[in-house]
Structure formats: C-alpha cells, structure tokens
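If you want the numbering used here, it's the position in the sequence shown, counting the first as 1, plus 548.
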Amino acid sequence: MANHKSAKKRARQTITRTARNRARTSGARTVLKAIRLAISENDKKVATELLPKVQAKLRKLAQTGIIKLNTAARKTSRLASQINGL
C-alpha cells in the first residue's frame, strides 16, 4: 500500500490510465477482428473499407505509447498485403 501522498496519487493515475489503455486496445482488437473476418471470407470490398479505420486505430495506439510504432506499421503492412492478394 502506498504511504506517501505522491505514491497514492500515482496509484490512482495508474488505475485510470490502465482502464483507458485497455479500452483503446479493446477497440483496436475489435476492428482487427472484423477486418480479419472480411479477409478470411474473401470480401475485398469490406476489407478495403475497414483498412483506413484499422490504420487510424493502430496509429493512435502507437502515438499514445500503448503499442510500438513498428508493431503498428507491421500489422498495417501485413493486412494491406493480404487485402491486395484477394
């Protein structure tokens, strides 16, 4: 248990930030699942429409430090190449 006033504040901030990060990650995971489903069903139209949304979500996660920049770029690149292969 935190004893110092600043440590108590940091504990509160950690709880808030963890909840925020978890919500953002969950939103990105939902969109990723949707685009992967479209790719698996060979639905190029839906996958192409979802790609900008996925890119935006991944970039936002990378900008806020939830995931690394290279991870976002790698996932975006792989999804784009899969869509082009349809």
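Just so you know, even glycine gets a beta-carbon here, dropped at the ideal spot from N, CA and C.
Q: Using a threshold of 8 Å, state whether the C-beta atoms of Q630 and I587 are closer than that.
A: As a working note, residue 630 is residue 82 in the sequence shown. As a working note, residue 587 is residue 39 in the sequence shown. Against a cut-off of 8 Å, the Cβ pair of I587 and Q630 comes out as a contact.
Q. When burial is assigned at 16 or more other CB atoms within 10 Å of the CB, is L609 buried or exposed?
A. Numbered from its first residue, the sequence shown carries residue 609 at position 61. When all chains shown are included, L609 counts as buried.
Q. Does the pairing of the region 597 to 616 with the region 568 to 578 give three or more beta-carbon distances under 8 Å?
A. These segments touch.
Q) Distance, Cα to Cα, A576 vs L634? A) Position 28 of the sequence shown, counted from the start, is the residue given in the question as residue 576. Position 86 of the sequence shown, counted from the start, is the residue given in the question as residue 634. Take the alpha-carbon of A576 and the one of L634: they are about 23 Å apart.
Q. Is it right to say L598 is buried, meaning 16 or more other beta carbons lie within 10 angstroms of its own, or is it exposed?
A. Along the sequence shown, read from residue 1 onward, the residue named residue 598 stands at position 50. Its Cβ being crowded by 16 or more others within 10 Å, L598 is buried.
Q | Coil, strand or helix - G575 by DSSP | A | Residue 575 sits at position 27 when you count from the first residue of the sequence shown. G575 falls in the helix class under three-state DSSP.
Q) Considering only residues of the same chain and omitting the five flanking positions on each side of Q603, which have a CB-CB separation below 7 Å? A) For the purposes of this step, residue 603 is taken as the residue at position 55 of the sequence shown. Taken in chain order, the residues that qualify are T624.
**Q.** Proximity of A595 and I583 at Cβ, strictly below 8 Å
**A.** Within the sequence shown, the letter at position 47 stands for residue 595. Within the sequence shown, the letter at position 35 stands for residue 583. In this structure, I583 lies closer than 8 Å to A595 by Cβ.
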